[in-house]
Amino acid sequence: MKYLQEVWGSRELLLNLTSREVRGKYKRTIFGQLWSLANPLALMLIYSLVFGVLFKSNPLPGDPSGLDVFALWLLCGLLPWTFFSAVVSTAASSLVGNANLIQKVSFSRIVLPLSTVGSSAYNWGFEMVVLLVAVSIAGGFVLPWIPLLLIVMVLLAVFAAGVGLIFSIANVYFRDTQYLLGIVLQLWIYLTPIIYPIQLVEAASHTHGGLLGTPVTILGLYDLNPMVHFVALFRELIYDNRWPDGVEWLICVCWALAALVIGMIVFRKNERNLAEAL
Amino acid sequence: MTPAAVRVDHVTKSFRLYHERNQSLKSAVMRGRRSVHDDFLALDDVSFDVPTGSTFGLIGSNGSGKSTLLKCLANIYHPNAGSITHFGKIAAMLEVGSGFHHELSGRENIFLNGSILGMSRKEVTRKFDEIVDFSGVEQFIDQPVKNYSSGMYVRLGFAIAINVEPDILVVDEVLAVGDAEFQEKCFHKFEDFKRDGKTVILVSHSMDTVKQMCDHAAWLSHGKLISAGAAVPTINAYLHSLSAG
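Going down the list, the protein sequences come from chains A and B. When we follow the working numbering, the leftmost residue of the first sequence carries the number 964, and every step to the right adds one. When we follow the working numbering, the leftmost residue of the second sequence carries the number 390, and every step to the right adds one.
Structural data, given as structure tokens:
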């Protein structure tokens, strides 16, 4: 509790560090903030071409929205994913990157990884607004779902923060972490139904049945990935425009809280040694 | 006897010296559970009081543990044994301008650096003019700090740090910044500090500086406290040991 108070006490610093990231990032570029849209747009074009056109990945149309646009369907999963992966990878290097500051000034260290959540969230919010406008133009009715959408976004940010805290500490002790993380994140995106519909996994799971004679199915293992559930929530709210399943909500809340609590505990345990370990 | 502003009580700090410190997963796995290291005692059972309102100098040769002690005082390192108690708000100036963002303007950096040092936005706003005035970079305040000369850079950093207004200020060898005029300004600022009954703890290799500014001093050698007390006898004893050795 006392620790939470300390973190709350440094909220102003957190805000300032976040705005340092946001304002410093696109300085001296001609397009400025527009660059934050370039990356998801490029990914959207590539995946739409490869998986939408060449592989003919054909997700079910939105129910009840009736939307049937691969690019929009893709972005509903891709934008939350790029946010998550940006937070985790920048948080992982946040302590090592600010080693000089940590060794010279005493302040609540947790603001360094947390500020990466803030600055990535800023870009993500920008991207989501564009997506919502595009979905509305295509005929989706997203306006009433925006409050719920905000809640899911906060949940994902909390989850990302927890995972980021753990990796930031791991990277102090093992610099291999940041390279390993690059591979893990690449693998992780393919383990999540972002560029292909989850129905493909369900079908494969159905044909194979229990693995090695156990009742464990492919889908059962697949469901252990928390991002599966987050992506499902985002799709249902933005693309399908329907109230998501209660169990799905519960799973996401549990993952978010678990990640944050474990992340905070790990961080708190190692915080005092950071100046020496770096 | 004036009450203590800082009480350093049997402080011991050791560092691990690793024989193979390549922070990789492989080496951790190869080592197994045990890690190969020796302990190095940087501070060995150091105790002294810093009286309130004094200017306190830490002296000693290189590697005597001054900087480690300073970092312990600044709450950056944590002692393995013993404790440091301070009565009042403490602020440390171990390096000026840490945390400046090079692409941001001087103005933005004042707010950023101020909050890293623990000032609220309101406080910074209130002291903004004073900080800018003290640093003497008015003309360039809206320029990115990467265009500042190194003198301007440290002057701005120093001006922010000095305006934190702590009860106890911990200073590393940062006084050697800026031109003679700016140094003069700094000395005046420290004298103001003293007049307000605040405590300054500083590390310096320049015995003239210590003699000029400090009324108390502690002499460290190889992590051990040799003597602490009034400045002049301590400094003389230290200088004597140098010429004798």
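Beta carbons: idealized from backbone N, C-alpha and C, even for Gly.
For this session: Compare the C-beta of A:S1069 against all C-beta atoms of chain B and say whether one is closer than 8 Å.
Result: Numbered from its first residue, the first sequence carries residue 1069 of chain A at position 106. Closer than 8 Å: yes.
Problem set entry | Complete alpha helix (DSSP H) runs within the stretch 978-1035 of chain A (minimum length 4 residues, chain order) | 998-1010
Problem set entry | Enclosing alpha helix (DSSP H) for B:M596 [first to last residue] | As a working note, residue 596 of chain B is residue 207 in the second sequence. Element bounds for B:M596: 596-602.
Exercise. Where does B:M508 fall in DSSP's three states?
Worked result: By one-based count along the second sequence, residue 508 of chain B stands at place 119. Reduced to three states, the DSSP call for B:M508 is coil.
Exercise. Can you name the start and end residues of the beta strand (DSSP E) that B:A629 belongs to?
Worked result: In the second sequence, residue 629 of chain B corresponds to position 240, counting from 1. According to the sequence as given, residue 629 of chain B is His; it is not Ala. Careful: B:H629 lies outside any beta strand (DSSP E), inside the alpha helix (DSSP H) at 620-633.
Exercise. Where does B:H490 fall in DSSP's three states?
Worked result: The residue you call residue 490 of chain B lines up with position 101 of the second sequence. DSSP places B:H490 in coil when its eight states are reduced to three.
Problem set entry | Rounded distance between the beta-carbons of B:S403 and B:F429, thought under 8 Å | Within the second sequence, residue 429 of chain B is the residue found at index 40, counting from 1. Within the second sequence, residue 403 of chain B is the residue found at index 14, counting from 1. That belief holds up - the Cβ atoms of B:F429 and B:S403 are roughly 6 Å apart, short of 8 Å.
Exercise. When the cut-off is 8 Å and only beta carbons count, does A:K990 lie next to chain B?
Worked result: For the purposes of this step, residue 990 of chain A is taken as the residue at position 27 of the first sequence. Yes, A:K990 counts as interfacial toward chain B.
Exercise. A:T1079 bridges to which residues according to DSSP?
Worked result: Along the first sequence, read from residue 1 onward, the residue named residue 1079 of chain A stands at position 116. According to DSSP, A:T1079 bridges with nothing at all.
Exercise. Taking Cβ-Cβ distances shorter than 7 Å, what residues in chain A pair up with B:F500?
Worked result: Numbered from its first residue, the second sequence carries residue 500 of chain B at position 111. Within chain A, the residues near B:F500 are N979.
For this session: Please classify A:L1111: does DSSP put it in a helix, a strand, or coil?
Result: For the purposes of this step, residue 1111 of chain A is identified with residue 148 of the first sequence, where counting begins at 1. A:L1111 falls in the helix class under three-state DSSP.
Problem set entry | Contacts around A:L1112, its chain only, beta-carbon distance under 6 Å, and the 5 residues preceding and following it disregarded | Reading the first sequence from its first residue, position 149 is the one you call residue 1112 of chain A. Cβ neighbours of A:L1112 beyond the five flanking positions: L1200.
Problem set entry | Per DSSP, the bridge partner or partners of B:D608 | Numbered from 1 along the second sequence, position 219 holds the residue referred to as residue 608 of chain B. It should be pointed out that residue 608 of chain B corresponds to Trp in this sequence rather than to Asp. B:W608 pairs with B:I448, B:S616.
Problem set entry | Integer-rounded CB distance, given that B:V534 should sit under 8 Å from B:Y542 | Translated into the one-based positions of the second sequence, residue 542 of chain B becomes position 153. Translated into the one-based positions of the second sequence, residue 534 of chain B becomes position 145. Indeed, because the Cβ distance is near 6 Å, the residues count as touching under 8 Å.
For this session: Go through its chain and collect everything with a Cβ distance to A:I1225's Cβ below 7 Å, but skip five positions before and after it.
Result: Position 262 of the first sequence holds residue 1225 of chain A. Result list for A:I1225: G1125, I1129, in chain order.
For this session: Enumerate in chain order the residues of its own chain whose CB-to-CB distance from B:M482 is below 8 Å, with the five nearest sequence positions on each side excluded.
Result: Position 93 of the second sequence, counted from the start, is the residue given in the question as residue 482 of chain B. Closer than 8 Å at Cβ, skipping near neighbours: F547, A550, I551, L558, V559, V560, D561, V563.
Exercise. From A:S990 to B:S504, what distance separates their C-alpha atoms?
Worked result: Numbered from its first residue, the first sequence carries residue 990 of chain A at position 27. Numbered from its first residue, the second sequence carries residue 504 of chain B at position 115. Here the sequence assigns Lys to residue 990 of chain A, which means Ser is not the residue at that position. Approximately 22 Å between the Cα atoms of the pair.
For this session: State the start and end residues of the unbroken beta strand (DSSP E) segment that holds B:A481.
Result: The residue you call residue 481 of chain B lines up with position 92 of the second sequence. Looking at the DSSP string, the run of the beta strand (DSSP E) that includes B:A481 is 479-482.
Problem set entry | Cβ separation of A:L1077 and B:G488, assumed to be a contact under 8 Å, to the nearest whole Å | For the purposes of this step, residue 1077 of chain A is identified with residue 114 of the first sequence, where counting begins at 1. For the purposes of this step, residue 488 of chain B is identified with residue 99 of the second sequence, where counting begins at 1. Contact doesn't hold; Cβ gap of about 16 Å is too wide.
Exercise. Using a C-beta to C-beta distance shorter than 7 Å, which residues of chain A count as neighbours of B:H467?
Worked result: Locating residue 467 of chain B in the second sequence gives position 78, where the first residue counts as 1. Result: R1235.
Exercise. Short check: CB of A:F1197 to CB of A:C1039, under 8 Å?
Worked result: Taking the first residue of the first sequence as position 1, residue 1197 of chain A is located at position 234. Taking the first residue of the first sequence as position 1, residue 1039 of chain A is located at position 76. Yes, Cβ-Cβ distance for A:F1197 and A:C1039 is below 8 Å.
For this session: Output, in chain order, the set of chain B residues within a Cβ distance shorter than 7 Å of A:F1063.
Result: Taking the first residue of the first sequence as position 1, residue 1063 of chain A is located at position 100. Note that residue 1063 of chain A is Asn in the sequence shown, not Phe. Residues of chain B passing the Cβ test: S487.
Exercise. Taking only beta-carbon atoms, is B:L558 less than 8 Å away from chain A?
Worked result: Residue numbering aside, residue 558 of chain B sits at position 169 when the second sequence is read from its first letter. Cβ-Cβ to chain A under 8 Å: no for B:L558.
For this session: Throw me the rounded Cβ distance for the A:R1231 and A:Y966 pair, which I believe falls under 8 Å.
Result: In the first sequence, counting from the first residue as 1, residue 1231 of chain A sits at position 268. In the first sequence, counting from the first residue as 1, residue 966 of chain A sits at position 3. Indeed they touch by this definition, with Cβ atoms about 6 Å apart.
Exercise. Hey, does A:G987 have any beta-carbon neighbour from chain B nearer than 8 Å?
Worked result: Taking the first residue of the first sequence as position 1, residue 987 of chain A is located at position 24. At least one chain B Cβ lies under 8 Å of A:G987.
Problem set entry | Nonlocal neighbours in the same chain, by C-beta distance under 7 Å from B:T391, ignoring five residues either side | Start at 1 with the first residue of the second sequence, and residue 391 of chain B comes out as number 2. So the list reads P440, T441, G442, once near-sequence residues are dropped.
Exercise. Whole-angstrom Cβ separation of A:V1216 and A:L1118, contact assumed at under 8 Å?
Worked result: As a working mapping, residue 1216 of chain A is identified with position 253 in the first sequence. As a working mapping, residue 1118 of chain A is identified with position 155 in the first sequence. Between A:L1118 and A:V1216 the Cβ distance is about 6 Å, and since that is below 8 Å, they are a contact.
For this session: Could you tell me whether the Cβ atoms of A:N1188 and A:T1155 are closer together than 8 Å?
Result: Locating residue 1188 of chain A in the first sequence gives position 225, counting from the first residue. Locating residue 1155 of chain A in the first sequence gives position 192, counting from the first residue. Taking 8 Å as the Cβ cut-off, A:N1188 and A:T1155 qualify as a contacting pair.
For this session: Return the residue from the list B:R405, B:D438, B:D427 that minimises the CA-CA distance to B:S616.
Result: Here the question's residue 616 of chain B lines up with position 227 in the second sequence. Comparing Cα positions, the closest option is B:D438.
Exercise. Would you call the CB atoms of B:I590 and B:V395 closer than 8 Å?
Worked result: To locate residue 590 of chain B, count along the second sequence from 1; it is residue 201. To locate residue 395 of chain B, count along the second sequence from 1; it is residue 6. Yes.
Exercise. Okay, do the stretch 488-502 of chain B and the stretch 457-466 of chain B touch, 3+ Cβ pairs below 8 Å being the bar?
Worked result: no
Exercise. Could you check where the beta strand (DSSP E) with B:I590 kicks off and where it finishes?
Worked result: On the second sequence, residue 590 of chain B is found 201 positions in, with the first residue counted as 1. Residues 588-592.
Exercise. Whose C-beta lies closer than 7 Å to the C-beta of A:A1167 among residues of the same chain, with five residues either side of it excluded?
Worked result: Looking up residue 1167 of chain A in the first sequence gives position 204. Closer than 7 Å at Cβ, skipping near neighbours: I1181.
Exercise. Quick one: what's A:T1053 bridged to in DSSP?
Worked result: For the purposes of this step, residue 1053 of chain A is identified with residue 90 of the first sequence, where counting begins at 1. Its beta-bridge partners do not exist; DSSP assigns none.
Exercise. Can you give the Cα-Cα distance for A:A1005 and A:H1169, rounded to whole angstroms?
Worked result: Position 42 of the first sequence, counted from the start, is the residue given in the question as residue 1005 of chain A. Position 206 of the first sequence, counted from the start, is the residue given in the question as residue 1169 of chain A. C-alpha separation (whole angstroms): 34 Å.
Exercise. Nearest to A:T1045 by alpha carbon, out of A:V1135, A:E1165, A:I1158, A:P1207?
Worked result: Numbered from its first residue, the first sequence carries residue 1045 of chain A at position 82. Nearest C-alpha to A:T1045: A:I1158.
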